[in-house]
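As given, the protein sequences belong to chains E and G, one line each in that order. For the first sequence, counting from 1, position 74 maps to 74 in this note's numbering; every step adds exactly one. For the second sequence, counting from 1, position 458 maps to 1458 in this note's numbering; every step adds exactly one. In this text, a Cβ means the ideal position worked out from N, Cα and C, and glycines have one as well. Remember, it's a predicted structure, so these values are computed and weren't measured experimentally. Report on the following structure.
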Amino acid sequence: MAAGGTGGNSGKTYSFKVVLLGEGCVGKTSLVLRYCENKFNDKHITTLQASFLTKKLNITGKRVNLAIWDTAGQERFHALGPIYYRDSNGAILVYDVTDEDSFQKVKNWVKELRKMLGNEICLCIVGNKIDLDKDRHVSVEEAESYAESVGAKHYHTSAKLNKGIEELFLDLCKRMMEMAQAEERLKGNGASQSASSRRGVQIVDDEPQATPAGGCCSSG
Amino acid sequence: MSQRTERRGIHVDQSDLLCKKGCGYYGNAAWQGLCSKCWREEYQRVRQKQIQDDWALAEKLQREEEAAYASSHGVQTQSHSQSAAPHSGQATLGTFSKFEEKKTNEKTRKVTTVKKFFSPSSRTPPKKENQEGKTTSPSVSRHASFETDQVSRDFVDFLKNLQKPGREIHKQCRAFIINMSSKKDLGADELSECVQDFYQSMSDRLMSHFKGSSESVEQVMDQVEKYIMTRLYKSVFCPETTDDERKDLVTQNRIRALHWVTIQMLCVSMDEEIPEVCENVVKAITDIIEMDSKRVPRDKLGCITRCSKNIFSAIRITKKEPASADDFLPALIYIVLKANPPRLQSNIQYITRFCNPSRLMTGEDGYYFTNLCCAAAFIEKLDAQSLNLSPEEFERYMSGHASPRFSSSESNWLHPGSKPGVTATNPVLAQLSDNLELLSSLSSRQESLMEAAKNLQADLLSWPESVQQEVHDILEKYPLEILSCKVSAIDANNMDNDNLPPPLTPQVFTG
C-alpha cells in the first residue's frame, strides 16, 4: 500500500460516490462517523455535519477518493431516493439487526436500485448494531442468503464497538474499482473517459500521455 | 488477490491500442484513440473550420460596421444630396435605399458604441482583428455590462500567468462564445450539451498540458466556467425555449400556499428560540435568496453551500451533535419554504445544465445541490401524509379556512392578551407580541412624558404670574413709604463727613 502512495507510478485516481440508504435510526450516521472520524456518540466530534463525508484511500497503490452521501431515512422522503442515488458507484443499505422492519426496507431499496440502475452499482447490505445480538430479530442465515440472491455482499457491523466497518468500506472500494476497470476495458480507453466522467466517475490519467505503451509495461 | 486486480487493471487488448481510423498505427488516448497522423488531420480540419468561422464573422462585422459608419455619414449629408453616399463605400449602396431609412437611423445610434471598439482599426483588414487575441470580440461585448467586462479582465489577467497556453485557452473560449451566440435558438438541452462538450474537451486538453495535476486543471476550469457563463448567462438562463419560467411561478405559488407549514410538522430539529439558531436560520434564508443574483453556476453552488453550512450550525447548536441527513433535509425544506427563493426552478435547471460536471457529481457542493433538488421535489409533491396530517386538515389549511398555528389555542387568537398559548405554538408570534408589548409600554411612557411636559409648561406659564402676584401682595402689605430725602449719589450717606479731604482732581502735566 505504501509503495504507490506518491503519485507517479500509481496511475489513476478513482472518485467514487457511495450512498447510504436505510430507515431512520438504524445507525447510518454512526457508521460513517465511526469510519471517517473513528468516534461513536462522542461529544468531541468536530465535524459540523455527518451527512456528507469524504475519505481518501490508497488501495493496492491506487488512490481512491470516496464521497459518502447520507440520505434522509424517514419514510416520507422515500420518493426522493432516485435524486440521491443517481450516478452512484456503490450503495450501502443499512438495517438494524434488532428491527425486522428495517430489513424489509432494505429489501425494498434493493428492488428499486436493481430496477433503476441494474448491475451498474455495487450493493452492500449491512446489519448494524450486532452488539445487541441478544435482541436480534433478523437471522444471519436469512440475511446472508437474501444478499447472495440479489448479488449483494452482506456485512455485520457495530458502530459502537467499531466492528466490521473498515472491512465493509475496503471491500466495497475494491469492488467498485473492479467494476470501473471492467467498464474501462469494455468501452475502450478514450471513449470511457468521456462517458464515465459524465456520470461522475473521474478517471484521471496521471501518466504523461506521450508514452502510454511504456507505462503499461513497466508498471506491469 | 491484490496482485490479481492490479494485473487486470493493466491488461489491454492489442486492438484497443490501434488507431481508431484503422490505419494500422498505434493510437493514443490523448488523441481520442487516433494515431498522431490521423489526429493531426482531424484536429487540423476542426481548427481550420474554426478559423474560417472566425474570419467569416469578423468580415461580417467589418461589413456591418462599415455600413453603419457610412450611413451615419450619409444621414448627415442627406440634406445636401443623396449622391454623397457612394463616397462612403460600396457596401452602403445596397442598404441605403429609402425604405430602409428607418433601419439605418437605428444603426447610427448603435454605431457610436461599435465605433468605440473599432475606432483605432476600423479600416484594417479583418485578419488583423483576429490576431489581436487580447481584445474581446465586439459582437459579444457590444452590449456587455460592466460586470462582464470586469470578468473578462480578470480572466485575461489570470491567463497571463499561464503565458502561451493561456492565450490558447482564451482564443478557444472566445471562439466558443461566438459560436454559441449563433446558436441562440437551440433548445436548452442542446445548449447544455454544447457547453458540457466544451468543458470536457477543455479539461482533457488541460489535463494533458498540466501532466495530470488535477488541482491546476480545476483552477483553470473554474476560471473558464466563470468567464464563459458570465457571458452566456443572459441567453441561456431561463431561455424562452423552455418552460422554466412557468415552473418558477408554479413553485413560487406553491410555496406561498404552504405558508402555514410549521417547523413541528416537518420535524425539524432546530430550536428557533435559541438566539444563535435564529441567527443561523436568518443567514441561511439570506444565502438561498442570494443564489439568484449570481451568474456563474459555481457561485450559485457556493450560496447553496453557505446556506447548508448555516443550517448545520443551527442543528449542531440545537442537538449538540453533528447533523445527519435525517436532520438536514427537513431543515433545508423548512428554509426553502421560509425563503421562497426567486426563480428556484430556473436556477436548479441552470446549474444542472451548465455547471462543470465534476463539481456537481461528487463534490460537497454537489451533495448540497442534490439536497436542494430533493427539497424542491418534496415541496412540489408535498401532501397531507408527508406532514403527518389528515387529508381534511391539509385541505383546510391549503384553502386558508384554518391556520394550524391557532387551531390548538383558538381562544388565544381572540384574546391576544393571554400569552402562554401563543408562545407554545409559534416563537415568531411570541416575539411579535413581545415587541408589541414593548411598543405599548413605550407609548404609555411617552404619554406620561408628554403629560409631565404639559404640566411643566403650565407651571412655567403660571410661575411668573404667581411671582407677580406675590410681589404685588407683598407690595400691598408693605406699601412703599417714600422718605423725604431723595438720595441719588452713591456716597449720599457720607454727606455730613465734611472733614474728609476733597476728592482728588486730575492734574495736567506738561513736558
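Under 7 Å Cβ-Cβ, which residues of chain E neighbour residue i?
i       : result
T1370/G : I83 and Y84
Q1052/G : Within 7 Å Cβ-Cβ: nothing; Q1052/G doesn't reach chain E, min ~26 Å.
Y1367/G : F52 and W69
C1355/G : Those within 7 Å of C1355/G in chain E number zero; the least Cβ separation is about 13 Å.
F1312/G : L48 and Q49
K1283/G : Result: empty, since nearest Cβ-Cβ is about 14 Å, beyond 7 Å.
S1386/G : R76
K1021/G : Under the 7 Å cutoff, chain E gives no residues; its nearest Cβ is about 13 Å from K1021/G.
Spatial neighbours of residue i within its chain, please: CB distance less than 7 Å, with the 5 preceding and 5 following residues excluded, ordered by chain position.
i       : result
I1333/G : L1266, A1375, F1378 and I1379
D1292/G : P1341, P1342, R1343 and N1347
F1369/G : L1301, I1304, I1351 and L1360
L53/E   : V32, C36 and I68
N1499/G : none
C1373/G : I1348
R1254/G : I1379 and E1380
G1187/G : T1241
To which residues of the same chain is residue i closer than 8 Å at the C-beta, ignoring the five residues directly before and after it?
i       : result
K1546/G : Outside the displayed span of chain G (1001 to 1511) sits residue 1546/G, for which this structure offers no information.
E1465/G : none
S1403/G : W1260 and Y1397
K107/E  : Y146
I121/E  : Y85, S88, N89, G90, A91 and L113
K1160/G : G1166
R1256/G : N1340
Locate the beta strand (DSSP E) running through residue i, then write down its first and last residues.
i       : result
I121/E  : Neither: I121/E is in no beta strand (DSSP E) and is coded neither H nor E.
G1302/G : It is not in any beta strand (DSSP E) - G1302/G instead sits in the alpha helix (DSSP H) that spans P1297 to K1319.
A1323/G : No beta strand (DSSP E) holds A1323/G; DSSP gives it neither H nor E.
T13/E   : K12 to L21
G1027/G : Run containing G1027/G: none; DSSP gives neither H nor E here.
Y95/E   : G90 to D96
V64/E   : K62 to D70
K174/E  : Note, K174/E: premise wrong, no beta strand (DSSP E); alpha helix (DSSP H) at I165 to K187.
I59/E   : F52 to I59
Could you work out which residues of chain G lie near residue i, taking near to mean beta carbons separated by less than 7 Å?
i     : result
D70/E : S1324 and A1325
G73/E : D1326
G22/E : Within 7 Å Cβ-Cβ: nothing; G22/E doesn't reach chain G, min ~10 Å.
L80/E : C1374, A1377 and F1378
List the residues of chain E whose Cβ lies closer than 9 Å to the Cβ of residue i, in chain order.
i       : result
E1364/G : F52, T54 and A67
K1309/G : L48 and Q49
Could you tell me which chain G residues have their CB closer than 9 Å to the CB of residue i, listed as they occur along the chain?
i     : result
R63/E : Under the 9 Å cutoff, chain G gives no residues; its nearest Cβ is about 11 Å from R63/E.
Can you give me the Cβ contacts of residue i inside the same chain, cut-off strictly under 6 Å, excluding the 5 residues immediately before and after it?
i       : result
L1206/G : V1217 and V1220
C1019/G : Y1025, G1027, L1034, C1035 and C1038
L132/E  : T98
E23/E   : G73, S102 and K105
Between which two residues does the alpha helix (DSSP H) holding residue i run?
i       : result
T1370/G : E1364 to K1381
W1463/G : P1427 to K1477
L1387/G : Neither: L1387/G is in no alpha helix (DSSP H) and is coded neither H nor E.
H154/E  : Not the alpha helix (DSSP H): H154/E falls in the beta strand (DSSP E), residues K153 to H156.
I1178/G : K1164 to S1181
K28/E   : K28 to E37
T1251/G : D1244 to A1257
R1353/G : L1344 to F1354
R136/E  : It is not in any alpha helix (DSSP H) - R136/E carries neither H nor E in the DSSP assignment.
S1152/G : F1146 to K1160
D1287/G : P1275 to E1290
Residues of chain G with CB closer than 8 Å to the CB of residue i, please, in chain order.
i     : result
F77/E : L1329, C1374 and F1378
L33/E : P1322
T29/E : P1322, S1324, A1325 and D1326
How would you list, in chain order, the residues of chain E whose beta-carbon sits under 8 Å from the beta-carbon of residue i?
i       : result
K1381/G : A79
R1316/G : L48 and Q49
- Message: With a threshold of 8 Å, are at least 3 pairs of Cβ atoms found where one atom belongs to the stretch 115-131 of chain E and the other to the stretch 151-161 of chain E?
- Response: yes
- Message: With a threshold of 8 Å, are at least 3 pairs of Cβ atoms found where one atom belongs to the stretch 133-142 of chain E and the other to the stretch 95-114 of chain E?
- Response: yes
- Counting Cβ pairs closer than 8 Å, one from the stretch 48-61 of chain E and one from the stretch 1319-1339 of chain G, do we hit at least three? yes
- Assess, as a yes-or-no matter, whether the stretch 1311-1318 of chain G is touched by the stretch 1261-1280 of chain G under the definition of 3 or more beta carbon pairs within less than 8 Å. yes
- Pair every Cβ in the stretch 165-179 of chain E with every Cβ in the stretch 58-68 of chain E, then say whether three or more of these pairs are closer than 8 Å. yes
- Mind pulling the alpha helix (DSSP H) runs of 4 or more residues that sit fully within the stretch 1180-1222 of chain G? When DSSP assignments are scanned along the stretch 1180-1222 of chain G, the uninterrupted stretches of alpha helix (DSSP H) that are 4 or more residues long and fall wholly within it turn out to be 1188-1209.
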